[in-house]
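**Q**
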Amino acid sequence: MKNKRKKANYLVENYLNALPSKPAHTPSRDYQQLKKDLTYVPKRNQHGSDDIKTPKTPRPLSKVSVTSPLYVGQECSACHQEVHGSVISVPGNGIWHSHCFTCKACHRQLENESYFEKDGDIYCSVDYRRLFTLYCDTCGEPVERQVIRALGKYYHQDHFICCVCKQPFGDQQFMVLDDQPYCQEDYLKKCGKKCSGCGEYLQGEYINALNQEWHKSCFHCTVCKQPFSNGSFMVKDNKPYCEQHYPRHIAGREKPPVPAKPASYTKPTSSSPSSPVAPTKPSILKPTVPKPSTVSHAKKICHVCQNIIDGPCANALGHDYHIHHFQCSRCNRALSSRVPGMWQGDSRGELVCKMCINKHG
Numbered sequence: 001m002k003n004k005r006k007k008a009n010y011l012v013e014n015y016l017n018a019l020p021s022k023p024a025h026t027p028s029r030d031y032q033q034l035k036k037d038l039t040y041v042p043k044r045n046q047h048g049s050d051d052i053k054t055p056k057t058p059r060p061l062s063k064v065s066v067t068s069p070l071y072v073g074q075e076c077s078a079c080h081q082e083v084h085g086s087v088i089s090v091p092g093n094g095i096w097h098s099h100c101f102t103c104k105a106c107h108r109q110l111e112n113e114s115y116f117e118k119d120g121d122i123y124c125s126v127d128y129r130r131l132f133t134l135y136c137d138t139c140g141e142p143v144e145r146q147v148i149r150a151l152g153k154y155y156h157q158d159h160f161i162c163c164v165c166k167q168p169f170g171d172q173q174f175m176v177l178d179d180q181p182y183c184q185e186d187y188l189k190k191c192g193k194k195c196s197g198c199g200e201y202l203q204g205e206y207i208n209a210l211n212q213e214w215h216k217s218c219f220h221c222t223v224c225k226q227p228f229s230n231g232s233f234m235v236k237d238n239k240p241y242c243e244q245h246y247p248r249h250i251a252g253r254e255k256p257p258v259p260a261k262p263a264s265y266t267k268p269t270s271s272s273p274s275s276p277v278a279p280t281k282p283s284i285l286k287p288t289v290p291k292p293s294t295v296s297h298a299k300k301i302c303h304v305c306q307n308i309i310d311g312p313c314a315n316a317l318g319h320d321y322h323i324h325h326f327q328c329s330r331c332n333r334a335l336s337s338r339v340p341g342m343w344q345g346d347s348r349g350e351l352v353c354k355m356c357i358n359k360h361g
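Using full-length UniProt numbering, the letters of the sequence shown map in sequence onto residues 1 to 361.
1) Return the first residue and the last residue of the beta strand (DSSP E) that E213 is part of.
2) Contact between the stretch 149-168 and the stretch 181-188: three or more CB pairs below 8 Å?
3) Could you say which of A105, E111 and H80 lies nearest to S86 if we only look at CA atoms?
4) Identify whether D119 lies in helix, strand or coil by the three-state DSSP scheme.
5) Quick test of your reading: K194 and I207, contact by CB under 8 Å. State the CB separation rounded to the nearest angstrom.
6) Taking the straight line between their C-alpha atoms, what separation do you get for C136 and Q173?
7) Considering only DSSP beta bridges, list what L188 is partnered with.
8) Can you give me the Cβ contacts of A334 inside the same chain, cut-off strictly under 7 Å, excluding the 5 residues immediately before and after it?
9) Are the beta-carbon atoms belonging to residue 422 and C313 less than 8 Å from one another?
10) If we count Cβ pairs, one from each stretch, closer than 8 Å, do we get three or more for the stretch 90-105 versus the stretch 114-129?
11) Of the residues G94, L131, V176 and E144, which one's Cα is nearest the Cα of G152?
12) For F233, does the three-state DSSP call read helix, strand or coil?
13) Let me check understanding here. Comparing Cα to Cα, which of G204, Q203, K239 and F233 lies closest to N212?
14) Confirm the yes/no value for this check: CB of H303, any heavy atom of the ligand NAD, distance under 7 Å.
15) Quick check on R149: does DSSP put it in helix, strand or coil?
16) Per DSSP, which one or two residues make a beta bridge with A314?
17) Using only CA atoms, which one of D310, G311 and S329 lies nearest to V304?
18) Consult DSSP for K239 and reduce its assignment to one of helix, strand or coil.
19) How long is the line joining the alpha carbons of M355 and M342, rounded to whole angstroms?
20) Whose C-alpha, out of V126, P91, E350 and V90, is nearest the C-alpha of H107?
21) Roughly how many whole angstroms lie between the Cα atoms of K189 and F233?
22) In whole angstroms, give me the CA-to-CA distance for I323 and L134.
23) May I have the straight-line CA-CA distance separating C224 from A209, to the nearest angstrom?
24) Where does the unbroken alpha helix (DSSP H) through H360 begin, and where does it stop?
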């Protein structure tokens, strides 16, 4: 047993002594190694960056700082000089000297910091947020997800609210007054006019008669409450009556009826109480009429184009308009037909919208 162990140790010792102490170097071997080093191409990982060296701060964008013969002869994206020494490689954005990789705003070196890219320029995280982050006009905090842009400002979705009731608009439309957003209800409370019949706010078409505004359905005979089928009505004490109930209502009165202004009317031919008052037709308007106008039975002429108006028309400031010509005389903005109080007359008696009045006076 001892002889077998001695023989095994002898064979192992002779084998180890026969091995060379270091590999032999030949010119051919040295050349092949140098060629291999110079032609080495780094592998790309799944993010597209070189797997030469892991960046210290990979978020929010990644970069690689290397010293490799692979980039010899290439230009720095900042100074356009040939790169040398430590190099910053940014996927899709070129090669940089380490000392040239700086924030465009504050010029601080970003080799070991996170950075952001905007239009090909590099920014540190602080300056990027300062320069390009949108801020909510209501709360002053950054808007990072869904943003609402209105009135030249930005808002969080839940922070775009009525300036009076503070409720968000959601998918509802909003009104603008003095560059402030209003819900329709609060806008009407501030600028709207009420129907003289039912007391509700006027929206859409309405009637201007007897120096008052009415819903079309609310303008009817004071006695029988029926609408005026032919559009004509009689006036007594600034109240409208149909032809049937007007004589019965004033029977026995000593004084003759006096037609009310501004609705058009014809003066009675005599002062007798039995003399009827000429029928009057109200003006049917879409926008609010600050000054009621007289309705004529003659053909109406558009104040803007001077052509005869055959169809529906708007009447304001003593003039008639085609619906499509009822617009601001300064900016040609079509005036709203849904909510009154959006315009008024200027010193020349022309229509001017509220925006032009607030802007130019």
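Every residue, glycine too, gets a C-beta built ideally from N, C-alpha and C. These figures come from a predicted structure and were not determined experimentally.
**A** Let me lay it out:
1) Along the sequence shown, read from residue 1 onward, the residue named residue 213 stands at position 213. Start and end: Q212 to W214.
2) yes
3) Sequence index remark: in the sequence shown, residue 86 carries index 86 (1-based). It is E111 whose Cα lies nearest to the Cα of S86.
4) Looking up residue 119 in the sequence shown gives position 119. It is coil, neither helix nor strand.
5) Taking the first residue of the sequence shown as position 1, residue 194 is located at position 194. Taking the first residue of the sequence shown as position 1, residue 207 is located at position 207. About 13 Å; that fails the 8 Å criterion.
6) For the purposes of this step, residue 136 is taken as the residue at position 136 of the sequence shown. For the purposes of this step, residue 173 is taken as the residue at position 173 of the sequence shown. Taking the straight line from one Cα to the other gives about 20 Å.
7) Along the sequence shown, one-based indexing puts residue 188 at 188. For L188, which the question treats as bridged, DSSP gives no partner whatsoever.
8) The count along the sequence shown starts at 1 and reaches residue 334 at position 334. Around A334: Q327.
9) No statement about residue 422 is possible, as the shown extent of the chain runs from 1 to 361 and does not include it.
10) yes
11) One-based indexing of the sequence shown puts residue 152 at position 152. Closest option to G152, Cα to Cα, is V176.
12) Here residue 233 is taken as the residue at index 233 of the sequence shown, counted from 1. DSSP places F233 in strand when its eight states are reduced to three.
13) Residue numbering aside, residue 212 sits at position 212 when the sequence shown is read from its first letter. What sits at residue 212 in the sequence shown is Gln, not Asn. Out of G204, Q203, K239 and F233, the CA that lies nearest to the CA of Q212 is found in K239.
14) The ligand NAD is not part of this structure, which contains no ligands at all.
15) One-based indexing of the sequence shown puts residue 149 at position 149. In the structure shown, R149 sits in a strand (DSSP, three-state: E or B).
16) For the purposes of this step, residue 314 is identified with residue 314 of the sequence shown, where counting begins at 1. Bridge partners of A314: Y321.
17) Within the sequence shown, numbered from 1, the residue matching residue 304 stands at position 304. Answer by Cα proximity: S329.
18) Translated into the one-based positions of the sequence shown, residue 239 becomes position 239. DSSP places K239 in the strand class (E or B) of the three-state scheme.
19) Stepping through the sequence shown from its first residue, residue 355 is reached at position 355. Stepping through the sequence shown from its first residue, residue 342 is reached at position 342. Going by the C-alpha atoms only, they are around 9 Å apart.
20) As a first step, residue 107 must be located in the sequence shown, where it is residue number 107. For the residues V126, P91, E350 and V90, the minimum Cα distance to H107 belongs to V126.
21) For this step, residue 189 is matched to residue 189 along the sequence shown. For this step, residue 233 is matched to residue 233 along the sequence shown. Taking the straight line from one Cα to the other gives about 31 Å.
22) For the purposes of this step, residue 323 is taken as the residue at position 323 of the sequence shown. For the purposes of this step, residue 134 is taken as the residue at position 134 of the sequence shown. One C-alpha to the other measures close to 41 Å.
23) One-based indexing of the sequence shown puts residue 224 at position 224. One-based indexing of the sequence shown puts residue 209 at position 209. The alpha-carbon atoms of C224 and A209 are separated by roughly 18 Å.
24) The residue labelled residue 360 in the question sits at position 360 within the sequence shown. Counting along the chain, the alpha helix (DSSP H) containing H360 begins and ends at K354 to H360.
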